[in-house]
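Below: one structure, written as structure tokens.
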Amino acid sequence: MNDTHQSTPLETRDLGKRYGRGGRWALRGCTLSIPPGRVTALIGPNGAGKSTLLRLAAGLATPSHGSVAVFGADPRGSAAVVLPRIGFVAQDRPLYPRLSVAEMCEVGVRLNRGWDRAFARSRLARLGIDPGQKAGKLSGGQQAQVALVLALAKHPDLLLLDEPTASLDPHSRRAFLQVLMEASATDGTTVVLSSHSVPDLERVCDRLVILSRAQVLVSEEIEPFVASHRLLIGPRTAPSPVGQSGRDGTVVQISHTARQTVALVRTGGQGRHGGDIGPHDARWEAHPVGFEEVVLGYLAAAEPERAGEALSAERGADTRRERIAS
Amino acid sequence: MIALRLDDRSGVAAYLQIVQQVKHALRLGLLHPGDQMPTIREVVTSLAINPNTVQKAYRELELDGLIGGRPGQGTFVLRTIPGASAANLAEMRAGLDRWFARARELDLDDESIVALFTVGLRANPPPARASEDEPEPNAAQAQGTERVA
Chain A
381 MNDTHQSTPL
391 ETRDLGKRYG
401 RGGRWALRGC
411 TLSIPPGRVT
421 ALIGPNGAGK
431 STLLRLAAGL
441 ATPSHGSVAV
451 FGADPRGSAA
461 VVLPRIGFVA
471 QDRPLYPRLS
481 VAEMCEVGVR
491 LNRGWDRAFA
501 RSRLARLGID
511 PGQKAGKLSG
521 GQQAQVALVL
531 ALAKHPDLLL
541 LDEPTASLDP
551 HSRRAFLQVL
561 MEASATDGTT
571 VVLSSHSVPD
581 LERVCDRLVI
591 LSRAQVLVSE
601 EIEPFVASHR
611 LLIGPRTAPS
621 PVGQSGRDGT
631 VVQISHTARQ
641 TVALVRTGGQ
651 GRHGGDIGPH
661 DARWEAHPVG
671 FEEVVLGYLA
681 AAEPERAGEA
691 LSAERGADTR
701 RERIAS
Chain B
2 MIALRLDDRS
12 GVAAYLQIVQ
22 QVKHALRLGL
32 LHPGDQMPTI
42 REVVTSLAIN
52 PNTVQKAYRE
62 LELDGLIGGR
72 PGQGTFVLRT
82 IPGASAANLA
92 EMRAGLDRWF
102 ARARELDLDD
112 ESIVALFTVG
122 LRANPPPARA
132 SEDEPEPNAA
142 QAQGTERVA
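Taken in sequence, the protein lines are chains A and B. Take any residue in the first sequence, count from 1 to its spot, add 380: that is its number in the working numbering. Take any residue in the second sequence, count from 1 to its spot, add 1: that is its number in the working numbering.
Encoded structure:
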């Protein structure tokens, strides 16, 4: 294997996972590559395959089809090489409730070569967590913090987090993300993080993977990806406003009212201005769109009946659309 | 040292918010040449924000020649934004105040004033000068709407 391949923290090829013979595909045809030092958001409705993808990457599940490679090696076949480089924080109750925080640190030292006890101790002290406390007695926010500190003390090259902030109040969530981003800045850790909290993801992530119905819809760098989209609003048009509005591009999602058509369009250009503007119909307006609106557009197009489920903190993208369209 | 913040709802990309805040502070004289900038790690930790985003913002400010790194010491403000001296700003502000007073006499509401200002700004782009303080890269995004034109 060559160096570029070995330095890719996570790479999947046509990866699929099916639970039980003839069962539902939890993940299918997943091909993606996560570059080093980046923080990737994993977004999709429940059941889209987010946890399955993370578990396959962590070597906790076996692929039914295709392959997964972590730093160029199979996380199950080469577990001894790969697992020391991976940190994984599971979705629910990632700690042993009966062990004290200090005891869990001891477990960390025994199970991981080079586990950084001093790092864990100073970080826990900074968070005001008593090492004598049993994990089960900690608040939800503290448990999430401890789980993150334990994973970070391993100084992993790849950190996989499955909805780590789901049960946290806003203050704990911010504190959690601060610790995470500090680690990313200090160690250059590659992070893959699933969450429904879009504002959080927008803050901390620079890459985006959208999963829907067990498949990858999008795997891109966030800033240029979002900047290449526009919301086109104009007189009712069927079937597509692209061309008429003077913009080359692909329609991601389109909706109509009696008089108007609203379309989320990915413009041809990748630049900040979202591509060239050609001849036009002056009745069309092109609005720049934010991260959440773009994500919602893709999910709504893929799963019109349940797009809302994927996101917790919607910030008026829909209301704006309704207002404009009415 | 400048305190940076992030508005989740602005719709402006995070790195651009940082660039704009630093330029804003330079224009208002809150930051001076020689002032030290926070380290990337400090910004990342205080805002809980992606390190690459902060790096990108700093790189853009470096390309504009506004900040620069001194090996082993940190990042410092190199120069201020041309034309934005305190005296210039005060003069322009006085002119604006007279303009606002007249607008209020004529019963213009806030939205009309903002619209007029925006139209005027677009009708009077900065004179083409080699690389000196270019217009904000995506003023269109900062403003929220653009006409297909």
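Note that beta-carbon positions come from the ideal geometry of N, C-alpha and C, so glycine has one too.
Report all residues from its chain with a CB closer than 6 Å to the CB of residue i; omit the five preceding and five following residues, and keep chain order.
i       : result
S547(A) : G520
V669(A) : H609, L611
E665(A) : I613
E61(B)  : V20
A500(A) : C485, V529, A533
T566(A) : none
E137(B) : At E137(B) the pLDDT is 46, less than 50, meaning the model places this residue with poor confidence and gives no usable figure here.
D549(A) : none
L507(A) : Q525
D36(B)  : V78
Apart from the five residues on each side of it in sequence, which residues of its chain come closer than 7 Å, Cβ to Cβ, to residue i?
i       : result
G677(A) : V632, Q633, L644
T442(A) : R456
A453(A) : V461, V462
R435(A) : A441
M561(A) : V584
K57(B)  : Y16
G424(A) : K430, I590, L591, S592, A690
A718(A) : Outside the modelled stretch of chain A, which goes from 381 to 706, sits residue 718(A), for which no answer is possible.
V489(A) : W495, R497
Q513(A) : S480, V481
Can you list, in chain order, the residues of its chain whose CB lies under 8 Å from that of residue i, leaving out five sequence neighbours each side?
i       : result
A116(B) : none
I509(A) : V481, L518, Q522, Q525, V526
V606(A) : V669, G670, F671, V674
Find out if the Cβ-Cβ distance for the pair residue i, residue j is shorter than 8 Å.
i       : j       : result
T420(A) : R646(A) : no
L407(A) : T388(A) : no
T545(A) : S574(A) : no
A682(A) : S592(A) : yes
I3(B)   : A26(B)  : yes
G66(B)  : F77(B)  : no
G396(A) : S447(A) : no
L475(A) : A515(A) : yes
L390(A) : A437(A) : yes
L17(B)  : V23(B)  : no
V469(A) : A531(A) : yes
V571(A) : L541(A) : yes
V596(A) : L538(A) : no
Buried or exposed, going by whether 16 or more other CB atoms sit within 10 Å of the CB of residue i?
i       : result
F101(B) : exposed
P536(A) : buried
E135(B) : Summary for E135(B): the model assigns pLDDT 44, below 50, so the residue's position carries little reliability, and this model does not support an answer.
T119(B) : exposed
R639(A) : exposed
G696(A) : Per-residue confidence for G696(A) stands at a pLDDT of 41, beneath the threshold of 50, marking its modelled position as unreliable; no derived number is given.
N89(B)  : exposed
V598(A) : buried
R53(B)  : One point to set straight first is that residue 53(B) is Asn, not Arg, in the sequence displayed. Counting Cβ neighbours within 10 Å, N53(B) comes out buried, since at least 16 surround it.
D8(B)   : exposed
A124(B) : exposed
G75(B)  : exposed
P39(B)  : buried
E543(A) : buried
L491(A) : exposed
L64(B)  : exposed
D394(A) : exposed
E685(A) : exposed
R418(A) : buried
Y59(B)  : buried
R553(A) : buried
H551(A) : exposed
8 Å is my cut-off, CB to CB: does residue i come that close to chain D?
i       : result
V419(A) : Absent from the structure: chain D. Protein chains present are A and B.
With a threshold of 7 Å (Cβ to nearest heavy atom), would residue i be considered close to the ligand NAD?
i       : result
L122(B) : No copy of the ligand NAD occurs in the structure displayed, which carries no ligand at all.
Practice task
Could you name the residues of the segment 53-81 of chain B whose beta carbon sits closer than 7 Å to any beta carbon of chain A, in the order they occur along the chain?
Solution key: From the segment 53-81 of chain B, only N53, T54 have a Cβ closer than 7 Å to chain A.
Problem - Contact set between the segment 464-486 of chain A and chain B, restricted to residues whose Cβ is under 9 Å from the partner - result: Listed by position, the residues of the segment 464-486 of chain A near chain B (Cβ gap below 9 Å) amount to none.
Handout entry: the segment 556-571 of chain A: positions lying closer than 9 Å to chain B by Cβ
Key = Per Cβ criterion, the list reads F556, L557, Q558, V559, L560, M561, E562, S564, A565, T566, G568.
Problem - Segments of 4+ residues assigned as alpha helix (DSSP H) that fall wholly inside the segment 518-593 of chain A - result: Runs found: 520-532, 550-567, 578-584.
Practice task
Run through the segment 37-91 of chain B for me and flag every whole alpha helix (DSSP H) of 4 or more residues, listed as ranges in chain order.
Solution key: Qualifying alpha helix (DSSP H) stretches, in chain order: 41-48, 52-64.
Handout entry: Members of the segment 575-598 of chain A near chain B, C-beta cut-off 9 Å
Key = Under the 9 Å Cβ criterion, the segment 575-598 of chain A contributes P579, D580, E582, R583, V584, C585, D586.
Exercise for the section: List in chain order: all unbroken alpha helix (DSSP H) runs of 4+ residues lying wholly within the segment 405-463 of chain A. Expected result: List check, alpha helix (DSSP H) in window: 430-437, 459-462.
Practice task
With 7 Å as the C-beta to C-beta threshold (strictly closer), list the residues of the segment 32-56 of chain B near chain A in chain order.
Solution key: Result list: I41, R42, V45, T46, A49, I50, N51, P52, N53, T54.
Practice task
Run through the segment 471-505 of chain A for me and flag every whole alpha helix (DSSP H) of 4 or more residues, listed as ranges in chain order.
Solution key: Fully enclosed alpha helix (DSSP H) runs of 4 or longer: 481-491.
Practice task
Name, going along the chain, the residues of the segment 663-684 of chain A whose beta-carbon falls closer than 7 Å to a beta-carbon of chain B.
Solution key: Within the segment 663-684 of chain A, the qualifying residues are W664, E665, A666, H667, P668, G670.
Problem - Contact list for the segment 7-34 of chain B against chain A, Cβ threshold 8 Å - result: The segment 7-34 of chain B vs chain A, Cβ under 8 Å: L7, D9, R10, G12, A14, A15, Y16.
Problem - Proximal residues, the segment 389-423 of chain A versus chain B, C-beta separation under 9 Å - result: Close to chain B, meaning a Cβ-Cβ distance shorter than 9 Å, are the following residues of the segment 389-423 of chain A: G417, R418, V419.
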